[in-house]
Amino acid sequence: MSVNDKAIEVRNLTKRYDGLTAVDNICFEVRKGELFGFLGPNGAGKTTTVRIITGVIKADDGTALVMGSRAGSLKAKQVAGVVPEMANAYNDLSGWKNLLLMAELYGIASGEAKERGEVLLKDLGLLERKDGLVKTYSKGMKQRLILGMALISDPQILFLDEPTSGLDVQSTRLIKSLIKSLNDKGKTVFLTTHDMDEANQLCDRVAIINKGKIVAIDAPERLRIATSGRRSVEVSFTDSVSVNNLARLPSVNEVQKIGDKYRLYTDAPGDLVVTLVNFSASNKLKIISLNILAPSLEDAFVALTEKEHGYV
Ligand SMILES: Nc1ncnc2c1ncn2[C@@H]1O[C@H](COP(=O)(O)OP(=O)(O)OP(=O)(O)O)[C@@H](O)[C@H]1O
Ligand SMILES: [Mg+2]
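Mind the numbering: the sequence shown is residues -5 to 306 in the working numbering, read in order.
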């Protein structure tokens, strides 16, 4: 990647709070035009990283560049739109006024701000409620407005910290499809999430962060393939069976009971299907359903973060 291709460049970034290393010597790069996912469980260090890159807090060590400018500098802030984790709009102003206020902060001419604002509110499904006070908005409406506020400056790069967290299906869908279409139009997106499906559906590449450390960076599909030992067969029988009996079958690495189904992890799903058919016949059971599953991104995530814990 040449210098000009880089939207974000993070080198050896570290942030400590008292005895805790929230971000532990992380390095990564995001290309211009990329939709980059930053995936990790609660407390992994996602928000801390975003706050450093967007200039809200300072790192203890390391460097971060945004479009070639130092994180926190005016230049870096001018090219970025941010939807923070705890974002808020002014409750006693209308959605429309909030948007215009944000535009003013960025020094955008009023005519242009109004034009852009109308388009954004329409895309966000808020046009009809634009003059209502924000305190009368639902959580989903507020979050959509906050996304609009991050976009009013037409930023080159968009930072989103769990933008769909706690929202209903409709708002989530709208926000996801807007993120996708912004990226299709060339915007770089840095998306923080703990939702594997969201990362899988949207992202070109995903970094997995756990306990302040990056444990993997790759395309979602490649992360899945990288954990091929986590292929599985999911089976359900007419009667319940003991997990221990299933775990003793040849080529089974691990068994999980999920509702009325059993998920058997294996390196050889084809052989295991034959074994299961024989097992059900010899135990006078009938198979209700049987599926071979590719490892999900969630499986990859568990495998990669457990490795970090030293369990694997
Ligand atoms: N201001 C702070 N003071 C002390 N500790 C902090 C502070 N901010 C974050 N931490 C700690 O740093 C770690 C990383 O927190 P961070 O908010 O970055 O995680 P996260 O990945 O965003 O989690 P979540 O998914 O819950 O939003 C946590 O252990 C958290 O308690
Ligand atoms: Mg967070």
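Ideal Cβ placement from N, Cα and C applies to all residues, glycine included.
Heavy atom of ligand 2 within 6 Å of residue i beta-carbon
{"i": "E192", "result": "no"}
{"i": "K40", "result": "yes"}
{"i": "E122", "result": "no"}
{"i": "E109", "result": "no"}
{"i": "E79", "result": "yes"}
Buried/exposed call for residue i, threshold 16 Cβ in 10 Å
{"i": "F295", "result": "buried"}
{"i": "V306", "result": "Bear in mind that the predicted position of V306 carries a pLDDT of just 35, short of 50, making it unreliable; the figure below should be weighed with that in mind. With fewer than 16 Cβ atoms within 10 Å of its Cβ, V306 is classed as exposed."}
{"i": "K181", "result": "buried"}
{"i": "L114", "result": "buried"}
{"i": "G304", "result": "For G304, the predicted model reports a pLDDT of 43, less than 50, meaning its position is unreliable; a value from the coordinates is still stated below. Counting Cβ neighbours within 10 Å, G304 comes out exposed, since fewer than 16 surround it."}
{"i": "I252", "result": "exposed"}
{"i": "I286", "result": "exposed"}
{"i": "K116", "result": "exposed"}
{"i": "N204", "result": "buried"}
{"i": "M61", "result": "buried"}
{"i": "S234", "result": "exposed"}
{"i": "M80", "result": "exposed"}
{"i": "T232", "result": "exposed"}
{"i": "L168", "result": "buried"}
{"i": "S67", "result": "exposed"}
{"i": "R224", "result": "buried"}
{"i": "D12", "result": "exposed"}
{"i": "D155", "result": "buried"}
Span of the alpha helix (DSSP H) around residue i
{"i": "K170", "result": "V163 to D178"}
{"i": "L217", "result": "P214 to A220"}
{"i": "A97", "result": "G89 to L99"}
{"i": "E109", "result": "S104 to D117"}
{"i": "N239", "result": "V237 to A241"}
{"i": "S274", "result": "P263 to S276"}
{"i": "A144", "result": "K133 to L145"}
For residue j and residue i, believed in contact at Cβ under 8 Å, the rounded distance
{"i": "F30", "j": "R199", "result": "6 Å"}
{"i": "L141", "j": "P157", "result": "6 Å"}
{"i": "E292", "j": "R257", "result": "Wrong, their Cβ atoms sit about 12 Å apart, outside the cutoff."}
{"i": "K136", "j": "A83", "result": "6 Å"}
{"i": "T43", "j": "L7", "result": "7 Å"}
{"i": "S290", "j": "M190", "result": "7 Å"}
{"i": "V4", "j": "F22", "result": "5 Å"}
{"i": "M96", "j": "I146", "result": "5 Å"}
Contact test: residue i Cβ vs ligand 1 heavy atom, cutoff 6 Å
{"i": "A65", "result": "no"}
{"i": "Y84", "result": "no"}
{"i": "N204", "result": "no"}
{"i": "M36", "result": "In the sequence on display, residue 36 carries Asn and not Met. Yes, ligand 1 has a heavy atom inside 6 Å of this Cβ."}
{"i": "A210", "result": "no"}
{"i": "A201", "result": "no"}
{"i": "A327", "result": "Any question about residue 327 goes unanswered here, given that the chain covers just -5 to 306."}
{"i": "A16", "result": "yes"}
{"i": "Y259", "result": "no"}
{"i": "Y11", "result": "yes"}
Bounding residues of the beta strand (DSSP E) (the contiguous stretch that carries residue i)
{"i": "T15", "result": "L14 to R25"}
{"i": "E156", "result": "Element bounds for E156: n/a, residue is neither H nor E."}
{"i": "G75", "result": "A74 to V77"}
{"i": "L4", "result": "The amino acid occupying residue 4 in the given sequence is Val; Leu does not appear at that position. That run of the beta strand (DSSP E) goes K0 to Y11."}
{"i": "I51", "result": "Element bounds for I51: n/a, residue is neither H nor E."}
{"i": "N285", "result": "I281 to L287"}
{"i": "Q195", "result": "Element bounds for Q195: not the beta strand (DSSP E) but the alpha helix (DSSP H), M190 to L196."}
{"i": "R225", "result": "R225 to F231"}
{"i": "Y84", "result": "Note, Y84: premise wrong, no beta strand (DSSP E); not H, not E."}
{"i": "K251", "result": "V246 to I252"}
{"i": "G31", "result": "L29 to L33"}
{"i": "R123", "result": "Neither: R123 is in no beta strand (DSSP E) and is coded neither H nor E."}
{"i": "A201", "result": "R199 to N204"}
{"i": "T186", "result": "T182 to T187"}
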